[in-house]
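Heads up, the thing below is written out as structure tokens.
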Amino acid sequence: RNIDNLEQVARFTRELHGLTAGGVPIMLGLDQEGGNVIRLRDGAMLLPGNMALGASRSPMLSYVAGQGLGVDLNRIGFNVNLAPVLDVNSNPRNPVIGVRSYGERADLVGTLGAWFVRGQQEMGVVGVAKHFPGHGNTFGDSHFSMPSSYVDKERLFELELAPFRTAIDAGLDAIMTAHIALPRISESPRIPATLSKNVITHILREELGFEGVVITDGLEM
Numbered sequence: 145r146n147i148d149n150l151e152q153v154a155r156f157t158r159e160l161h162g163l164t165a166g167g168v169p170i171m172l173g174l175d176q177e178g179g180n181v182i183r184l185r186d187g188a189m190l191l192p193g194n195m196a197l198g199a200s201r202s203p204m205l206s207y208v209a210g211q212g213l214g215v216d217l218n219r220i221g222f223n224v225n226l227a228p229v230l231d232v233n234s235n236p237r238n239p240v241i242g243v244r245s246y247g248e249r250a251d252l253v254g255t256l257g258a259w260f261v262r263g264q265q266e267m268g269v270v271g272v273a274k275h276f277p278g279h280g281n282t283f284g285d286s287h288f289s290m291p292s293s294y295v296d297k298e299r300l301f302e303l304e305l306a307p308f309r310t311a312i313d314a315g316l317d318a319i320m321t322a323h324i325a326l327p328r329i330s331e332s333p334r335i336p337a338t339l340s341k342n343v344i345t346h347i348l349r350e351e352l353g354f355e356g357v358v359i360t361d362g363l364e365m
């Protein structure tokens, strides 16, 4: 919210990196998904929404998009991008995912998302796949309420988790959790996935074998 222009941001990030020169590097991230979720506009590389990449059905285009964005973000001083979105757009009435998803097929989302991750991370920018374990089947917007997904574990692994598994196998660095309730999976019907041991420890860590960084979605949501 304090972004003014590209020059201001680049100057600011250089100053921050200078504070940790020679020590543990600072990680600076932003939401630069493309489409309707973009934090830097003027002078930055702008990607179309994931659904446009999904319509191409091209893993190569997704890979090149990740590479290009990684180069651009590095140039500006960012080494973490809160992308890609790996939610499957399985509910057409979902108010918050929509064109942010690669599509309604789990295999397509997983393939294009994994190639985007490869491209972005090869250029030195940490990929943060979101919103685990899948925000695509909800009816609400977790910025304003806590939506519920009533899928069971079998359906969760078959659809929602499939793209995350593909990205993990491709070497994904980090995952962002969703503030959604899963009454048939979590310990309590009103606990968000972010705080659920069943979801984060048992499913993500143990069953999917993810050893990277886990972060939450915005805590002001």
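Residue 365 is where the sequence shown ends in my numbering, and the numbering goes up by one at each step.
Backbone N, C-alpha and C fix where the C-beta goes; we use that ideal spot for every residue, glycine too.
Model, not experiment: these values are computed from the prediction.
{"Check": "Decide if D216 is buried, meaning its Cβ has at least 16 other Cβ atoms within 10 Å, or exposed.", "Outcome": "buried"}
{"Check": "Return the Cβ separation of M267 and N235 in integer angstroms, given the expectation that the two are a contact with Cβ distance under 8 Å.", "Outcome": "Incorrect: roughly 33 Å between the Cβ atoms, too far for contact."}
{"Check": "Hey, could you find the ends of the alpha helix (DSSP H) F276 is sitting in?", "Outcome": "Counting along the chain, F276 falls outside any alpha helix (DSSP H), though it belongs to the beta strand (DSSP E) covering 270 to 276."}
{"Check": "Near A258, what residues of its chain come up, given a Cβ to Cβ distance below 7 Å and the 5 sequence neighbours on each side ignored?", "Outcome": "T310, A311, A314"}
{"Check": "Please report whether the beta-carbon of D251 lies at a distance below 7 Å from any beta-carbon of chain D.", "Outcome": "Note that chain D does not occur in the displayed structure, where there is just one protein chain."}
{"Check": "Checking 7 Å against the spacing of the C-beta atoms, do A250 and L303 come in under that value?", "Outcome": "yes"}
{"Check": "With DSSP as the reference, identify every bridge partner of T338, one or two as the case may be.", "Outcome": "Beta-bridge pairing links T338 to no other residue."}
{"Check": "Leaving aside the five residues before and after A318 along the sequence, list all residues of the same chain whose C-beta is less than 8 Å from its C-beta, in chain order.", "Outcome": "V224, V270, G271, V272, A273, G356, V357, V358, I359"}
{"Check": "Which complete alpha helix (DSSP H) runs does the segment 146 to 234 hold, if anything under 4 residues is left out?", "Outcome": "150 to 163, 194 to 200, 203 to 220"}
{"Check": "What are the start and end residues of the alpha helix (DSSP H) that includes T310?", "Outcome": "306 to 313"}
{"Check": "What is the DSSP secondary structure of I344, counted as helix, strand or coil?", "Outcome": "helix"}
{"Check": "Where does A318 sit, in a helix, a strand or coil, going by DSSP?", "Outcome": "strand"}
{"Check": "With distances taken from CA atoms, which of D186, I182, I344, H346 is nearest P228?", "Outcome": "I182"}
{"Check": "With DSSP as the reference, label T282 as helix, strand or coil.", "Outcome": "coil"}
{"Check": "Just to confirm before moving on: does the CB-CB distance between L252 and G198 stay below 7 Å?", "Outcome": "yes"}
{"Check": "For V253, does the three-state DSSP call read helix, strand or coil?", "Outcome": "helix"}
{"Check": "On the three-state DSSP scale, how would you describe V357?", "Outcome": "strand"}
{"Check": "Would P333 pass as a contact of T255 if the rule is Cβ separation under 7 Å?", "Outcome": "no"}
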